[in-house]
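Peer 1: Have a look at this one before I ask anything.
Numbering (our numbering), first residue to last: 29 to 185.
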């Protein structure tokens, strides 16, 4: 198992926490000096807050832990390609590297729809790796949405 796979497994554990509370199963960990310093998972519905994405929750905790808003020497492991809001926050906090599990063809902003993480117009570009444990990340999301559609269908009966 590679280092990236090891930490992506930890992000998947966070995604499973979201799954258990009926949130879209997206999980994230932030690593500094080969140590997890922050964890996050989706909590939008629970918190009733648009901003409660896995990445933003983890960035907030990492900044608190390091005592700095700059996270240049950190790596973020995220189970799904970040949206435009999270990609912007990743650039703003100067994240050094991002490792992504599954890509998001409909809303991803690390290469699918846009690539905010590596736009040369910005003063910071993020090193990026994609497809780490992609099948596991993708399968969990597909299963979640399949179950959600089934629940909605049952409610309509």
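Where a beta carbon is used, it is the ideal one built from N, C-alpha and C, also for glycine. All values reported here derive from a predicted model rather than from experimental measurement.
Could you tell me which residues DSSP pairs with residue 155 in its beta bridges?
Peer 2: 125
Peer 1: What is the rounded straight-line gap between the Cα of residue 64 and the Cα of residue 184?
Peer 2: 43 Å
Peer 1: Can you look up residue 143 in the DSSP assignment and give me helix, strand or coil?
Peer 2: Reduced to three states, the DSSP call for residue 143 is strand.
Peer 1: Whole angstroms are fine: how far does the CA of residue 145 sit from the CA of residue 118?
Peer 2: Those two C-alpha atoms are separated by around 7 Å.
Peer 1: Taking only runs of the beta strand (DSSP E) that begin and end inside the stretch 37-105, which ones reach a length of at least 3 residues, in chain order?
Peer 2: 55-60, 63-69
Peer 1: Could you spell out where the alpha helix (DSSP H) holding residue 165 opens and where it closes?
Peer 2: 162-184
Peer 1: Pull the bridge partners of residue 130 from the DSSP assignment, please.
Peer 2: Beta-bridge pairing links residue 130 to 108.
Peer 1: How would you label residue 68, buried or exposed, when you count the other beta carbons within 10 angstroms and need 16 or more for buried?
Peer 2: buried
Peer 1: Measuring alpha carbon to alpha carbon, tell me which of 108, 125, 148 ends up nearest residue 134.
Peer 2: 108
Peer 1: Among all the DSSP beta bridges, which residues are the ones paired with residue 138?
Peer 2: 143
Peer 1: Quick one: measure Cβ to Cβ for residue 82 and residue 55, integer angstroms, because I've assumed they're closer than 8 Å.
Peer 2: 6 Å
Peer 1: Would you mind giving the Cβ-Cβ distance between residue 5 and residue 29, rounded to the nearest angstrom? I have them listed as a contact below 8 Å.
Peer 2: The first residue shown for the chain is 29 and the last is 185, placing residue 5 beyond what the model contains.
Peer 1: Rounding to the nearest angstrom, what Cα-Cα distance links residue 166 and residue 130 in this structure?
Peer 2: So the alpha carbons of these two residues sit roughly 6 Å apart.
Peer 1: Any heavy atom of the ligand COA closer than 8 Å to the Cβ of residue 166?
Peer 2: The model on display carries no ligand, and the ligand COA is accordingly not part of it.
Peer 1: Put residue 31 into one of helix, strand or coil per three-state DSSP.
Peer 2: helix
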